[in-house]
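S.K.: Residues 9 to 128 in the working numbering are what the sequence shown spells out, letter by letter.
A virtual CB, placed ideally from N, CA and C, is assigned to each residue, including glycine.
It should be emphasised that the depicted structure is a prediction, and the values quoted were computed from it without experimental measurement.
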Amino acid sequence: MDLVLKSFQKENFFDFLRTFSIPIGIMILIAMMVIPLSPVFLDVLFTSNLLVSLLVLMVALQTFRPLDFSSFPTVLLFATVLRLGLNVASTRVILSNGHTGTDSAGSIIEAFGAFVMSGS
Numbered sequence: 009m010d011l012v013l014k015s016f017q018k019e020n021f022f023d024f025l026r027t028f029s030i031p032i033g034i035m036i037l038i039a040m041m042v043i044p045l046s047p048v049f050l051d052v053l054f055t056s057n058l059l060v061s062l063l064v065l066m067v068a069l070q071t072f073r074p075l076d077f078s079s080f081p082t083v084l085l086f087a088t089v090l091r092l093g094l095n096v097a098s099t100r101v102i103l104s105n106g107h108t109g110t111d112s113a114g115s116i117i118e119a120f121g122a123f124v125m126s127g128s
């Protein structure tokens, strides 16, 4: 019983998070590609993805030495995998709900499509 209670302590929880954060993230990414997402949640994910991309760009532009941002390849890999998952999820939503109207896949996808097509 003491072992179970010790596992719920703060230090053990952070050890658990440090150990299993990547597998949990991969499972969430796969679930995002398989489970249909709501257009509102897809808009939130696209917005957060754009903000993370802008943050990485700002940090990369402000570094003076390469070792100041030595985690750049890892951050770039995670951002690319997240973007790939978002592309799969948005394509799935567009193909399954696209017949209901232009706003069926979310307002960000609709706005970007209107921008690219120049209103035609």
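Is it true that the CB of Phe54 sits closer than 8 Å to the CB of Ile116?
M.R.: Translated into positions along the sequence shown, residue 116 becomes position 108. Translated into positions along the sequence shown, residue 54 becomes position 46. Cβ distance < 8 Å, so Ile116 and Phe54 count as in contact.
S.K.: Once the 5 residues before and after Val67 are set aside, which same chain residues still bring their CB inside 7 Å of it?
M.R.: To locate residue 67, count along the sequence shown from 1; it is residue 59. Phe77, listed in sequence order.
S.K.: Cα separation between Ile30 and Val64?
M.R.: In the sequence shown, the residue the question calls residue 30 occupies position 22. In the sequence shown, the residue the question calls residue 64 occupies position 56. One C-alpha to the other measures close to 20 Å.
S.K.: Taking only the alpha-carbon atoms, compute the straight-line gap between Phe24 and Val96 and give it to the nearest angstrom.
M.R.: Within the sequence shown, the letter at position 16 stands for residue 24. Within the sequence shown, the letter at position 88 stands for residue 96. Whole-angstrom Cα-Cα distance: 30 Å.
S.K.: Run the CB neighbour count on Ser79, radius 10 Å, all protein chains shown included, and call it buried at 16 or more, exposed below.
M.R.: By 1-based counting over the sequence shown, the position of residue 79 is 71. With fewer than 16 other Cβ atoms within 10 Å, it is exposed.
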